[in-house]
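So the structure is just underneath, and the comments pick up after that.
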Amino acid sequence: MLLLTLPTTLQAITDIINRSIESRTFPKLWRRAMVRPIPKTNDPATMKDLRPISILPCLSKVLERVVYSQVIDYLEVNNILPDLQSGFRKGRGTATALADVVGNILEARDRGEGSIMVLLDFSRAFDAINTNLLLSKLAYYGFDGDAVDWFKSYLTDRSQYVQIHREDGSPVSSPPLHVTRGVPQGSILGPLLYILYSADVTRCLSNCKYHMYADDIQLYISCKGDDTPLAVQRVNEDLARVVAWSERNSLVLNPLKSKFLVLGTRKQVAAIQSARPKVMIGGEEIEQVEQACSLGLILDPELRFEAHIKNVLRNCFYRLKVLYGIRKYLSIPLRKQLADSLILSRLNYCDTVYGPCLLARTDRLIQRIQNACIRF
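Per my numbering, the sequence shown starts with residue 64, numbered consecutively.
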């Protein structure tokens with residue numbers, strides 16, 4: 064609808080955007096969000112299994128996009144964001160983050176070193192941001208008074224209401240509530256403000272290598288088996304500093320959802336395991352796992368990615384089976400489009416990371432689904 068009216072409304076929209084920036088005020092009506100809870104799991108049982116996504120007025124996103132383009136240019140030109148933060152930045156993504164981490168761990172393996180990797184989890188990180196502290200950080204990073212005032216207007220006096228649908232499809236909404244913390248999930252500026260807010264966490268990481276993607280931090284250290292106690296001590300020192308940083312910044316590092324795993328050859332993994340490493344967060348020992356999903360890629364100790372490929376192929380074969388049921392009703396161009404978007408896209412995700420590590424038998428499994436797509 065908005066696109067259809069652009070010939071007559073474009074000038075008015077432009078005037079609103081310019082007026083907002085000049086007056087350092089974000090329109091109040093655009094600060095109300097409708098929140099839709101999106102399940103994080105296939106079978107959500109508690110509120111913790113839901114992710115609140117803010118549905119905002121479309122024009123507010125136009126204004127946010129204008130401001131975003133100016134802010135990201137300033138941050139990149141002045142090298143304010145950490146180089147090893149790949150979240151929501153041009154030319155970077157989950158694949159670049161995982162390629163850096165996996166590449167470093169494979170290099171360590173070739174040197175005869177195993178690696179201890181910690182996957183950190185912050186509880187409701189976007190919702191917990193301290194607005195006043197964020198504004199102070201904007202000023203610290205060189206934003207002038209007018210820019211800080213605009214962001215203050217954007218972040219404060221916000222409200223939201225939750226809307227869900229009954230079984231019959233009719234919507235039901237909660238009364239609006241005032242929001243005093245956090246950045247709206249689903250906004251254009253929210254993710255950028257978070258990575259700026261958390262940029263100084265890197266000062267805590269003096270012992271370990273790391274890579275960040277938004278609020279996901281992959282922390283790792285490589286060592287010989289005999290040096291495991293010292294390596295674990297260094298990991299725990301960095302984690303203690305991250306916990307202290309989290310408390311200062313009103314964030315909560317969750318020891319129950321944070322995990323660690325040991326990576327390397329079987330011999331390297333066994334050598335580290337024999338030392339019984341204990342990784343601690345806030346005085347609590349975090350769980351060691353055999354496999355862990357990091358940014359959508361399932362990591363296993365030897366980085367062969369067999370569990371990841373089996374999981375992807377199971378999903379792909381199921382989708383292809385459904386598509387085969389309607390195959391005769393689809394044109395060849397549409398079949399190709401569906402195969403590319405629903406099946407091959409799953410295989411292509413992070414293939415530059417896992418591809419060089421696969422065993423021959425795993426390659427053959429991938430070839431089977433590719434052949435099935437060709438026949439489709």
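Cβ atoms here follow ideal geometry from the backbone N, Cα and C, with glycine treated the same way.
Once the 5 residues before and after residue 250 are set aside, which same chain residues still bring their CB inside 7 Å of it? 117, 119, 127
Any idea what DSSP makes of residue 322, helix, strand or coil? strand
For residue 439, which residues in the same chain have their Cβ closer than 7 Å to its Cβ, ignoring the five residues on either side in sequence? 383, 386, 387, 390, 398, 402
Any contact of the stretch 143 to 150 with the stretch 264 to 281, i.e. 3+ C-beta pairs under 8 Å? yes
Exposure of residue 200, with buried meaning 16 or more beta-carbon neighbours within 10 Å: buried
Once you ignore the five residues that flank residue 176 on each side, which residues in its own chain have a CB closer than 8 Å to its CB? 285, 286, 287, 327, 331
Residue 341 (DSSP reduced to helix, strand or coil): coil
Report the three-state DSSP secondary structure of residue 67 (helix, strand or coil). helix
Which word fits residue 121, buried or exposed, when buried means at least 16 other C-beta atoms lie within 10 angstroms of its C-beta? exposed
Candidates 152, 185, 115: which alpha carbon is nearest residue 138's? 152
Straight-line CA distance for residue 312 to residue 358? 24 Å
Counting Cβ pairs, one atom from each stretch, are 3 or more of them under 8 Å apart for the stretch 208 to 215 and the stretch 102 to 113? no
Please classify residue 372 as buried or exposed, where buried requires at least 16 other C-beta atoms within 10 Å of its C-beta. buried
Own chain partners of residue 352 with C-beta closer than 7 Å, once the 5 adjacent residues on each side are dropped: 322, 324
Reducing DSSP to helix, strand and coil, say where residue 251 ends up. coil
Quick check on the burial criterion: 16 or more other C-beta atoms within 10 angstroms. Buried or exposed for residue 278? buried
Classification of residue 423 by the beta-carbon crowding that lies within 10 angstroms, buried from 16 upward: exposed
Within 8 Å, strictly: CB atoms of residue 244 and residue 191: yes
Cβ-Cβ separation, residue 143 to residue 294 (assumed contact under 8 Å), whole Å: About 31 Å separates the two Cβ atoms, so there is no contact after all.
Taking 8 Å as the limit between beta carbons, can you name the residues of its chain near residue 268, skipping five residues before and five after? 282, 301, 304, 305
Pull up the CB-CB distance for residue 367 and residue 421, whole angstroms please, since I reckon it's below 8 Å. 7 Å
By the 10 Å Cβ neighbour count, where 16 or more other Cβ atoms means buried, how is residue 223 classified, buried or exposed? buried
Would you mind stating whether residue 292 and residue 338 have Cβ atoms separated by less than 8 Å? yes
Exposed unless 16 or more other CB atoms sit within 10 angstroms - verdict on residue 82: exposed
Specify, as a first and last residue, the run of the beta strand (DSSP E) that residue 281 falls within. 279 to 286
Let me know the secondary structure DSSP gives residue 185 once reduced to three states. strand
Suppose contacts are defined by Cβ-Cβ distances below 8 Å. Is residue 254 in contact with residue 96 by that definition? no
Just list the residues that DSSP pairs residue 177 with in beta bridges. 286
State the start and end residues of the unbroken alpha helix (DSSP H) segment that holds residue 108. Segment: none, residue 108 is in no alpha helix (DSSP H) and carries neither H nor E.
What did DSSP end up calling residue 351 once you bin it into helix, strand or coil? strand
Would you call residue 417 buried or exposed, if buried means 16 or more other Cβ atoms sit within 10 Å of its Cβ? buried
Pick helix, strand or coil for residue 221, following the three-state DSSP scheme. strand
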